[in-house]
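This report concerns only the one structure given below.
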Amino acid sequence: MSQIASFGAKATAPGVSVHSGSTLRVPINKPSVKALYIHVPFCAKKCAYCDFLSWPTSASDPCLDSYVEATVRELHALHDRGLLEGCRTAYIGGGTPTLLGGSRLGMLAGCVRGVAPSLTEFTCEANPDSLTDDVLTAMVASDVSRISVGVQSLNDAELMELGRVHTAEQAKERVAAAVSAGLDVSVDLMCAIPRQSDVSWAASLRGVIDLGVCHISVYPLTIEEGTPLYRRFEHDTCEWNDEDVQARRMEMAEQVLTACGFVRYEVASYARLGKRCEHNIAYWTGVPYLGVGKGAASMLGPAEYDLAQQVLEWLPSRRPGASRMRFTAYDGDVEFLTSREAWAEDLMLGMRMTDGIETRLLDGEPSVRAELICRGLVEERGNRLVPTHEGWLLGNELYGALWALAEP
Ligand code: SF4
Numbered sequence: 030m031s032q033i034a035s036f037g038a039k040a041t042a043p044g045v046s047v048h049s050g051s052t053l054r055v056p057i058n059k060p061s062v063k064a065l066y067i068h069v070p071f072c073a074k075k076c077a078y079c080d081f082l083s084w085p086t087s088a089s090d091p092c093l094d095s096y097v098e099a100t101v102r103e104l105h106a107l108h109d110r111g112l113l114e115g116c117r118t119a120y121i122g123g124g125t126p127t128l129l130g131g132s133r134l135g136m137l138a139g140c141v142r143g144v145a146p147s148l149t150e151f152t153c154e155a156n157p158d159s160l161t162d163d164v165l166t167a168m169v170a171s172d173v174s175r176i177s178v179g180v181q182s183l184n185d186a187e188l189m190e191l192g193r194v195h196t197a198e199q200a201k202e203r204v205a206a207a208v209s210a211g212l213d214v215s216v217d218l219m220c221a222i223p224r225q226s227d228v229s230w231a232a233s234l235r236g237v238i239d240l241g242v243c244h245i246s247v248y249p250l251t252i253e254e255g256t257p258l259y260r261r262f263e264h265d266t267c268e269w270n271d272e273d274v275q276a277r278r279m280e281m282a283e284q285v286l287t288a289c290g291f292v293r294y295e296v297a298s299y300a301r302l303g304k305r306c307e308h309n310i311a312y313w314t315g316v317p318y319l320g321v322g323k324g325a326a327s328m329l330g331p332a333e334y335d336l337a338q339q340v341l342e343w344l345p346s347r348r349p350g351a352s353r354m355r356f357t358a359y360d361g362d363v364e365f366l367t368s369r370e371a372w373a374e375d376l377m378l379g380m381r382m383t384d385g386i387e388t389r390l391l392d393g394e395p396s397v398r399a400e401l402i403c404r405g406l407v408e409e410r411g412n413r414l415v416p417t418h419e420g421w422l423l424g425n426e427l428y429g430a431l432w433a434l435a436e437p
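Position 392, counted from 1, in the sequence shown is what the numbering used here calls 421; the numbers after and before it change by one each time, with no gaps.
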C-alpha cells in the first residue's frame with residue numbers, strides 16, 4: 030500500500046523550498062489543484078431525461094449576473110490562497126454555460142485565465158441554441174481552447190423525444206461555426222434513445238465527423254427516475270434502450286469512429302491524435318480537482334483540502350488518517366477516504382481508460398490480478414494492465430472487483 034500512498038502523495042505533498050548555492054532557486058512545490066471545474070447550473074429548458082442539477086431560466090434573468098459575480102469572487106479567494114497556481118486544465122460546464130451570453134461568459138472565462146495562469150487546456154461546454162457568434166467571440170478572446178457541444182443527435186425526431194431545444198440543422202451550423210472559430214470542438218452524442226435506429230445512429234456519427242470535430246463522446250441514454258422521460262415510459266418495456274441495443278450502438282460507434290481516424294481512449298471518449306480531453310483524464314487518474322459552483326464536485330488531498338477550507342468555510346475539519354476528500358457544495362456532504370479506498374478508487378477509474386493502470390499497482394494483490402486476467406476482464410500489455418473488450422462490456426464486474434479492494 031505504501032507505493033500507492035506515495036503515488037497519491039505526489040500531487041498533494043506540501044511544498045519544500047530548496048536553494049542551491051546563491052543563485053539557483055528551485056520553485057516551491059506548493060499544494061495546488063491540477064484541474065478546475067466551474068459549474069453554471071442554468072439551462073433554457075430542462076431536457077426530458079435530465080436529472081443533473083440545473084434550473085430552467087432565461088438569459089435575461091438577473092440571477093445569472095449575481096451567480097457569475099459570486100463565482101468570480103470565489104475564484105479570486107482560491108487564487109489568493111495559491112490553490113490554483115499549478116492548475117493545468119479548466120472546464121466551465123453545466124447546465125448550459127453558453128446561456129450566460131458573451132459578456133457574462135467572457136467575464137467568467139477571463140477570470141479563470143487570470144487566476145489559473147498555467148492552463149494548458151481550457152474547455153467550455155455549450156448548447157447549440159445559445160452558442161451565438163457573440164459567445165464564440167468571447168470564448169476566443171478569453172483564450173478558451175476547447176468547446177464541448179451537447180449535440181446528442183442529428184435527427185429532429187430523436188431530439189424532440191429528448192426534449193432538446195435545438196434542431197439538427199442548428200446543431201450542425203453552430204458546430205461548424207465553432208470549428209471555423211479555431212476551437213478544438215468536441216461533441217456529445219447519445220445512443221439507445223426513442224425513435225433511434227442503427228441507420229439514424231450511424232448518420233449522427235458520420236454527420237458530426239463531417240463537421241470537422243476532433244473529439245466525440247458517446248453515451249447510452251440512462252432513464253433516470255423522476256424525469257419526464259421516466260414518467261412517460263414507466264410502464265413500457267423500452268426495447269429501444271435495452272442492454273443489447275446499448276451495447277450494439279456503442280460497438281457501432283467504435284467501428285465508425287475508429288474507421289475515420291478517431292482513437293478510443295476511454296469507455297465513452299474518442300479523439301483525434303493529440304486531442305484527448307486532459308481535464309476528463311484528470312478525473313480518471315486520481316489527480317486533485319476542485320469544483321466551484323452549485324453542483325460542482327471536488328476531490329482533494331490533505332494539503333489542498335486544508336487550503337480550500339480557508340475559503341470554503343462550511344467544509345468540516347479533516348478526519349484523521351483521511352488521504353482524500355470528496356465533496357459538492359450543493360449537498361454539503363464530505364466523503365473522507367482512507368489511502369486504501371483512494372487506491373481502490375484509482376484502480377477502478379483507471380480501468381475506464383484504454384491505458385488502464387500500471388501493473389505494479391496490483392503487486393500487493395497478485396490473486397486479484399490473476400483472477401481478473403483469468404476471467405478475461407483485463408490483460409497485461411507491457412508494464413500496464415488494461416481492460417479488455419469483455420472487461421468493458423462487463424464493466425460492473427471489473428469495477429466491482431477493484432472497488433472491493435477498498436476493504437482491507
Ligand atoms: S442541457 Fe444538459 S444540464 Fe441542461 S437540462 Fe439538458 S441535459 Fe440537463
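Where a beta carbon is used, it is the ideal one built from N, C-alpha and C, also for glycine.
Suppose the cutoff is 7 angstroms on Cβ atoms and the five residues either side in sequence are ignored; what does the same chain contact list for residue i look like?
i: histidine 105; result: Val144
i: tyrosine 359; result: Leu82, Lys323, Gly324
i: serine 51; result: In this predicted model, serine 51 has a pLDDT of only 37, less than 50, meaning its place in the structure is not dependable enough to derive any value.
i: aspartate 158; result: Ala73, Val194, His195, Gln199
i: leucine 93; result: Phe71, Leu129, Arg133
i: alanine 210; result: Leu165, Val169
i: arginine 110; result: Leu336, Gln339, Val340
i: histidine 108; result: Val144
So what's residue i in DSSP terms, helix, strand or just coil?
i: arginine 293; result: strand
i: isoleucine 245; result: strand
i: leucine 394; result: A small fix is needed here, since residue 394 is glutamate in this sequence, not leucine. The answer is coil: DSSP assigns glutamate 394 none of H, G, I, E or B.
i: proline 416; result: strand
i: threonine 287; result: helix
i: alanine 300; result: strand
i: tryptophan 343; result: coil
i: serine 226; result: coil
i: tyrosine 334; result: helix
i: cysteine 403; result: helix
i: glycine 143; result: helix
i: threonine 357; result: strand
i: serine 327; result: strand
i: phenylalanine 81; result: coil
i: threonine 52; result: In this prediction, threonine 52 scores a pLDDT of 38, lower than 50, which makes its location untrustworthy; no coordinate-derived value is stated.
i: threonine 149; result: coil
i: alanine 348; result: Reading the sequence as shown, one finds arginine at residue 348 and not alanine. The answer is coil: DSSP assigns arginine 348 none of H, G, I, E or B.
i: alanine 88; result: coil
i: alanine 231; result: helix
i: serine 31; result: Reliability fails at serine 31, whose pLDDT of 31 lies under 50, so the model's placement of it is uncertain and the value that follows must be treated cautiously. Of the three classes helix, strand and coil, the one that applies to serine 31 here is helix, per DSSP.
i: valine 194; result: coil
i: glutamate 426; result: helix
Among the residues of its own chain, which have a CB less than 6 angstroms from the CB of residue i, if the five just before and after it don't count?
i: serine 215; result: Ser177, His244
i: glutamate 295; result: Arg381, Met382
i: proline 257; result: Ala77
i: alanine 138; result: Ser171, Val173
i: leucine 183; result: Ala197, Ser233, Gly236
i: alanine 221; result: Pro249, Leu250, Asn270, Val274, Gln275, Arg278
i: alanine 167; result: Gly131, Leu134, Gly135
i: glycine 192; result: Cys76, Ala77
i: serine 246; result: Asp217, Ala297, Ser298
Got a sec, what are the start and stop residues for the beta strand (DSSP E) residue i sits in?
i: aspartate 213; result: 213-220
i: serine 177; result: 175-181
i: valine 164; result: No beta strand (DSSP E) holds valine 164; the alpha helix (DSSP H) holding it covers 162-170.
i: leucine 319; result: 318-321
i: leucine 65; result: 64-69
Take residue i as the anchor and find which of the options has the nearest alpha-carbon.
i: aspartate 227; options: Ala197, Gln284, Gly211, Asp213; result: Gln284
i: lysine 63; options: Gly429, Leu286, Val407, Glu307; result: Glu307
i: threonine 125; options: Ala435, Val340, Trp84, Met136; result: Trp84
i: glycine 115; options: Tyr299, Pro317, Asp271; result: Pro317
i: glycine 123; options: Pro146, Glu370, Leu148, Gly179; result: Gly179
i: leucine 302; options: Tyr334, Val242, Met354; result: Val242
i: serine 368; options: Met377, Ser352, Asp375, Gly379; result: Ser352
i: glycine 315; options: Ile386, Gly350, Ser229, Asp265; result: Ile386
i: glycine 162; options: Ala205, Tyr66, Val292; result: Reading off the sequence, residue 162 comes out as aspartate, not glycine. The shortest Cα separation from aspartate 162 among Ala205, Tyr66, Val292 belongs to Ala205.
i: alanine 88; options: Val101, Asp80, Cys79, Val69; result: Val69
i: valine 101; options: Ile67, Glu280, Leu112, Cys79; result: Ile67
i: glutamate 272; options: Leu423, Cys79, Tyr428; result: Leu423
i: serine 61; options: Leu431, Glu408, Trp432, Pro146; result: Pro146
Near residue i, what residues of its chain come up, given a Cβ to Cβ distance below 8 angstroms and the 5 sequence neighbours on each side ignored?
i: glutamate 150; result: Arg117, Thr118, Ala119, Ser174, Arg175, Cys306, Glu307, His308
i: threonine 357; result: Gly320, Gly324, Ala325, Ala326, Ser327
i: leucine 434; result: Arg369, Trp372, Ala373, Leu376, Glu394, Val397
i: threonine 127; result: Leu134, Cys153, Glu154, Ala155, Asn156, Ser159, Leu160, Thr161, Val164
Starting from residue i, trace the alpha helix (DSSP H) both ways and give me its first and last residue.
i: methionine 189; result: 185-191
i: tyrosine 312; result: 307-313
i: cysteine 92; result: 91-109
i: valine 208; result: 197-209
i: leucine 376; result: 368-379
i: alanine 433; result: Element bounds for alanine 433: n/a, residue is neither H nor E.
i: leucine 258; result: 257-262
What ranges does the alpha helix (DSSP H) occupy inside the region 113-139, keeping only unbroken runs of at least 4 residues that lie completely in it?
none
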